[in-house]
Amino acid sequence: MACFKEKIKILKGNIVHTKTSEAFNIVENGYIVVKENSVEGVYDKLPGKYEGITVKDYGDKLIIPGFVDLHTHAPQFAIKGIGYDKELIPWLETYTFPEEAKFKDKGYAEKIYKEFVEELCNQGTTRAVIFGTIHEESTEILMKLLDDKGITSYVGKVNMDRNCPDTLKEDSDESIKKTIQWIENCSGKYKFVKPIVTPRFVPSCTGYLMEELGKIAEKYNLPVQSHLAENPSEIEWVNELHPDCKNYGDVYDKFNLFGQTKTIMAHCVHLTEEEIAKIKMNEVVIAHCPTSNVNLSSGISPISKLLKKNIQMGLGSDISGGETLNMFSVMASAIKMSKLRYVCFKEEEKPLTIQEAFYLATKGGGRFFGRVGSFEEGYEFDALVIDDKNLWKVSKGSIEERIERLIYFGNEENIINKYLSGKVLN
Ligand code: GUN
Ligand code: FE
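As structure tokens, then:
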């Protein structure tokens, strides 16, 4: 009996999560029982078998799942919030590439990556999928910092061998060799952090490089991340570079980088019906990045339509296309943009609801990591304890209203405690 009790943690508070994108699951003044690292159950009354176990009582606070950021660029942290007068390609050339070239310097990488990891954790992101740069040593610095912090993440050493400045352009064979060395060096090395194969996007990778990366992903059974159909000029360029392919997604598919292993494609703003069908068939996961899509004038993703088709999706902050790692803010942007699409494009799909946005930021992205992102039985216990009293000057609204206001106004100050896989995250 003593042993059973030692493995159990019980938290009390207003518990909110989403099993599906349709509705909140709310237990007011409820109990979450956590056994080792996973949820054993959520109860409105504590079952007798747990009597005698100390309850961590969070009173009127909210307990929600930790956030999942499915797409972000750690080396762009120092240039967030600038350069949004330009669209994707000139923005990359003017701001992003020169900044990423600085990560050849490990001292600079250590400084910026420390700030990034600290902020990611402060914002309540417990799981993330992250781009590094082409520099494998700096990428390992990022992996080590994330691991020390205890944030479960996938990190990619970026590959690029064309259409970029010499400071970032890799020799194709060297890029392949370094990627293999990096994978062999870091696989199994960290408790919380794993490698992910990361061709930057089609315009910056030759067919040869993409083909080899497809083989590497298969050989080492690693997931893949890249960008897809973000901006109209980018898509036109891809069509010119690969006239043999039907569309942008088809280029990745040709090189086995489109769901052959678990794959995340960021943006997917301007997809053809054929691409959507292939994404669904290959179970490619879409990282929707609304803050970035508005900042870089990329467009408005048909997020509600994609959700209705049951395509697996989550949210991405896409620093520094997006200006913030605050996932409340990313959720609010997703809702606002889908409303603009609804009004301007006159489509039948209704705008994203609060529940859908919350689902995308938690369980939608969490699926990429396994049983993550909700408080269903057997799910890893990633959670945020939220104190929202500063958002309610007179009396508080219903739990649903409190979540809605939190999405529009919440920030790191509202997050008073964090758990990752059952352990407190500091
Ligand atoms: N496409 C290729 N590289 C990038 C990047 O760094 N950010 C965004 N938003 N899109 C990209
Ligand atoms: Fe990106």
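Sequential numbering of the sequence shown, starting at 1, is according to full-length UniProt numbering. All C-beta atoms in this analysis are idealised placements derived from N, C-alpha and C, irrespective of residue type, glycine included. Note that the structure is predicted; figures quoted are calculated from it, not measured.
Cβ-based burial, residue i [other Cβ within 10 Å; buried from 16]
i	result
N426	exposed
A332	buried
K389	exposed
I416	exposed
C121	buried
F368	buried
T54	exposed
G378	exposed
L168	buried
M327	buried
E100	buried
V424	exposed
F345	exposed
P90	exposed
S138	buried
residue 437	This structure does not reach residue 437, given that the chain is present from 1 up to 426, and the question cannot be answered.
P243	exposed
Rounded separation between residue i and residue j - CA only
i	j	result
A2	F375	With a pLDDT of 47 at A2, under the threshold of 50, the modelled position of this residue cannot be trusted; read the value that follows with caution. So the alpha carbons of these two residues sit roughly 25 Å apart.
D69	L241	31 Å
P65	D166	43 Å
D250	E275	7 Å
E140	Q181	12 Å
Y408	G373	20 Å
Y84	S204	21 Å
F192	V224	18 Å
G81	G322	8 Å
N29	N14	5 Å
E87	K309	29 Å
P351	Y342	6 Å
E36	F97	44 Å
D60	T20	25 Å
D382	K418	7 Å
N414	I8	26 Å
K194	K144	10 Å
T261	D105	32 Å
N411	E119	11 Å
Y154	H71	10 Å
E400	I32	19 Å
D161	E110	25 Å
S297	L46	51 Å
N293	Y220	33 Å
Q355	G107	42 Å
I79	T94	11 Å
K177	E218	16 Å
Y58	V385	8 Å
N282	K396	45 Å
I10	E380	14 Å
L142	E347	42 Å
C164	D148	33 Å
residue 490	E51	The structure shown does not extend to residue 490, since the chain is modelled only from 1 through 426, so no value can be given for it.
G132	N159	10 Å
K393	Q123	23 Å
S398	E349	27 Å
Beta-carbon proximity of residue i to residue j, cut-off 8 Å
i	j	result
S317	Q76	no
T179	I151	no
F103	H73	no
K12	K49	no
S304	S329	no
G156	I112	no
F258	V285	no
I235	Y252	no
L146	V117	yes
S175	L209	yes
H267	C289	yes
I264	F24	no
T362	T18	yes
F201	H227	yes
I300	L340	yes
S233	T206	no
P199	L213	yes
V16	L62	yes
V34	G370	no
Whole-angstrom C-beta distance between residue j and residue i, which should lie under 8 Å
i	j	result
L315	G365	6 Å
V39	V27	With a Cβ gap of about 12 Å, V39 and V27 do not count as contacting.
I335	I311	Not really, about 18 Å apart at Cβ, beyond 8 Å.
T125	L325	7 Å
beta-carbon residue i near the ligand ATP non-hydrogen atom, thresh 7 Å
i	result
E93	For the ligand ATP, the structure offers nothing, since it holds only the ligand GUN and the ligand FE.
Exercise. How would the residue list near the ligand FE read, in chain order, if you kept each one whose beta-carbon is closer than 6 Å to any heavy atom?
Worked result: H71, H73, H227, A266, D318 and G321
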